[in-house]
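> Below you will find the structure I want to go over with you.
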Amino acid sequence: MRQAWQRRQADALAWRQQKTDCYRIFHGTTEGIPGVSLDRYGPMVLLQLFRPLVLDLDWDYLERWCQEQVGATQLVVWQRRPGQRPQLLYPEQAPEPVWAQEMGQQFKIDAHHRGQDPHLFLDMRCARRYLRHHCQGARVLNLFSYTCASGIAAEAGGASQVMNVDFSAQALRRGEENSEANGCKRQHFCCEEVYPVIWQLAGRPLPARARKRPQTRRVPVRQYDLVFLDPPALAKGYFGAVDVKHDYQSLFKPCLELLAPGGRILACNNLAGVSEADFRQTLERCAQKAGRPTERIRRLLPESDFPAQDSDPPLKVLLCEFA
Ligand SMILES: C[S@@+](CC[C@H](N)C(=O)[O-])C[C@H]1O[C@@H](n2cnc3c(N)ncnc32)[C@H](O)[C@@H]1O
Numbered sequence: 002m003r004q005a006w007q008r009r010q011a012d013a014l015a016w017r018q019q020k021t022d023c024y025r026i027f028h029g030t031t032e033g034i035p036g037v038s039l040d041r042y043g044p045m046v047l048l049q050l051f052r053p054l055v056l057d058l059d060w061d062y063l064e065r066w067c068q069e070q071v072g073a074t075q076l077v078v079w080q081r082r083p084g085q086r087p088q089l090l091y092p093e094q095a096p097e098p099v100w101a102q103e104m105g106q107q108f109k110i111d112a113h114h115r116g117q118d119p120h121l122f123l124d125m126r127c128a129r130r131y132l133r134h135h136c137q138g139a140r141v142l143n144l145f146s147y148t149c150a151s152g153i154a155a156e157a158g159g160a161s162q163v164m165n166v167d168f169s170a171q172a173l174r175r176g177e178e179n180s181e182a183n184g185c186k187r188q189h190f191c192c193e194e195v196y197p198v199i200w201q202l203a204g205r206p207l208p209a210r211a212r213k214r215p216q217t218r219r220v221p222v223r224q225y226d227l228v229f230l231d232p233p234a235l236a237k238g239y240f241g242a243v244d245v246k247h248d249y250q251s252l253f254k255p256c257l258e259l260l261a262p263g264g265r266i267l268a269c270n271n272l273a274g275v276s277e278a279d280f281r282q283t284l285e286r287c288a289q290k291a292g293r294p295t296e297r298i299r300r301l302l303p304e305s306d307f308p309a310q311d312s313d314p315p316l317k318v319l320l321c322e323f324a
C-alpha cells in the first residue's frame, strides 16, 4: 500500500490541483493483493476486503498512516466476503456521511452504505471527465443514473438539460442532494425502469402489460444528443431483465432510436467476462442492423489510480459517435 501511494505522488498533486480528493489509493487486483482496495473519499479512507484474507494490519496504525500521508482523518474498514453479510471491522460504528470533491464538484459519501461503493464509483471518473468537457449545449440522458454523478458532470460541461433515470428512489434522492450541493439547475429525475422510458422516448408503444402497472411513468417522445448508458451486469425488472452479457442490444437499440442526428452514446459494460472486442462488435452490429451505423468508436480507459493488468480492464466505456 505504501508503494502504491508512492507511485501516485505525481497524480496526487494533479488531483489536488484539479480539486479532486477522492481516488483509489491501492488497487489490490493489480497491485499485489487481489480482493483488497483502499479508497480516499475526502476526509475518509475506505478499506474493503472482498476475500477471506489473513492481513496482519493494525487499524490504528493504518489510520495514522492515512492521516499523515494522505491527509484523511477517518479510516473505515468493511469486510465483504461473497455470500456473507458485509461486516464493519473498524470503527465500531460507521461515521456520518462526508462530502468528497471531484473536479470541484461535491458528492455525498456514505460509509454506512451496503453496496461496495459509498455512492460514487471512482473508476467512472474517466467518463465524468469526458462529460465535464464535451457536453456544451447537449441534451443528456443519464440511464441507470444512480446518484447522478455523471448527470452533474454533464451539467458542469455545459449540458442544456439532463434527464437522470433510475428505478431506485433512494439513489435519485441522493442524486437530488448532490445536484443541489452543486447548484445544478438543469437536472431532471425520473424514477422508473429504464426500458419503458427509452421505449417511449423513442416513440415505441408501451407493451400491453404496462396497463397492469398503472404507475408506469408516461414520457413524451423526445430526442437526446448524448446518452450515458451504464447498466448493472444483471438486474430484473417488470419490463424485462438487464443482461449486459447476452442482451446489451435491448438497451442500445432504443437509445439509437431516440438519439438526435450527430448524437453520441457512451456505452458502458463492467463485466470482466466480456472483452472490449466483443462489446465493440455487439454495438457495431446492433447499430448496423438498426440502420444507424457508428461513425467512430473510441474507448475511455479508467484513470491511473486503477492500473490495469493488460490493456483490457473490466470497465469498458465506449464512446460511440453517429452521423
Ligand atoms: C452500476 S449502478 C450505475 C452507476 C451510475 N451510472 C454512475 O455513474 O454512478 C446501477 C444502477 O442501476 C439501477 N438499475 C438497475 N436496474 C434498473 C432498471 N431496470 N431500471 C432502472 N434502473 C435500474 C440501480 O438502481 C443502480 O442505481
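Taking this note's numbering, the leading residue of the sequence shown gets 2, the next gets one more, and so forth.
A virtual CB, placed ideally from N, CA and C, is assigned to each residue, including glycine.
Quantities reported herein were computed from a predicted structural model and do not represent experimental measurements.
Please determine whether the Cβ atom of M104 lies at a distance below 7 Å from any heavy atom of ligand 1.
no
> Between which two residues does the beta strand (DSSP E) carrying V195 extend?
Per DSSP, V195 belongs to no beta strand (DSSP E); it is in the alpha helix (DSSP H), 195-202.
> Near A309, what residues of its chain come up, given a Cβ to Cβ distance below 8 Å and the 5 sequence neighbours on each side ignored?
T31, L302, P303
> So S146 and D167 are in contact, right, with Cβ under 8 Å, and what is the actual spacing, rounded?
5 Å
> Let me know the secondary structure DSSP gives A209 once reduced to three states.
The answer is helix: DSSP assigns A209 an H, G or I state.
> The beta strand (DSSP E) with A261 in it runs from where to where?
260-270
> Just confirm the distance between the C-beta atoms of S276 and D313, as a whole number of angstroms; I'd bet it's less than 8 Å.
6 Å
> With 16 other CB atoms within 10 Å as the buried threshold, where does E194 fall?
buried
> When we look at the beta-carbon of D59 and count the other beta-carbons within 10 Å, is it buried (16 or more) or exposed?
exposed
> Where P262 and V220 are concerned, what is the direct C-alpha to C-alpha distance, given to the nearest angstrom?
Taking the straight line from one Cα to the other gives about 21 Å.
> Would you decide whether V141 is buried or exposed? Buried here means 16 or more other CB atoms lie within 10 Å of its CB.
Flag for V141 reads buried.
> Identify the residues that DSSP records as bridge partners of W100: which are they?
K109
> For R129, which residues in the same chain have their Cβ closer than 8 Å to its Cβ, ignoring the five residues on either side in sequence?
E103, M104, A150, S151, A154
> Quickly, what does DSSP pair F323 with across the bridge? List them, please.
T295
> Is the Cβ-Cβ distance between N165 and G176 less than 8 Å?
yes
> Do the stretch 85-99 and the stretch 183-193 touch if we need at least three Cβ pairs shorter than 8 Å?
Using a C-beta cut-off of 8 Å, the stretch 85-99 makes no contact with the stretch 183-193, since fewer than three inter-stretch Cβ pairs fall below that distance.
> Excluding the five sequence neighbours on either side, which residues of its own chain have a C-beta within less than 7 Å of the C-beta of Y239, listed in chain order?
E194, R214
> Is Y1 buried or exposed, if buried means 16 or more other CB atoms sit within 10 Å of its CB?
Residue 1 lies beyond the residue range present for the chain, which begins at 2 and ends at 324; the question has no answer from this structure.
> In angstroms with no decimal places, state the Cα-to-Cα distance between Q49 and S38.
Straight-line Cα distance between these residues: approximately 5 Å.
> Round the Cβ separation of K246 and G204 to the nearest angstrom and send it over; I've been treating them as touching at under 8 Å.
So it is not a contact: roughly 28 Å between Cβ atoms.
> Identify whether K317 lies in helix, strand or coil by the three-state DSSP scheme.
strand
> Given E325, which residues of its chain have a CB within under 6 Å of its CB, disregarding the five upstream and five downstream residues?
Lying outside 2 to 324, the shown extent of the chain, residue 325 is not represented and no answer is given.
> Can the beta-carbon of A236 be found closer than 8 Å to that of V228?
Contact: no.
> What do you reckon, are the CB atoms on L319 and A268 nearer than 8 Å?
yes
> If we call anything under 8 Å between Cβ atoms a contact, is V163 one with N179?
no
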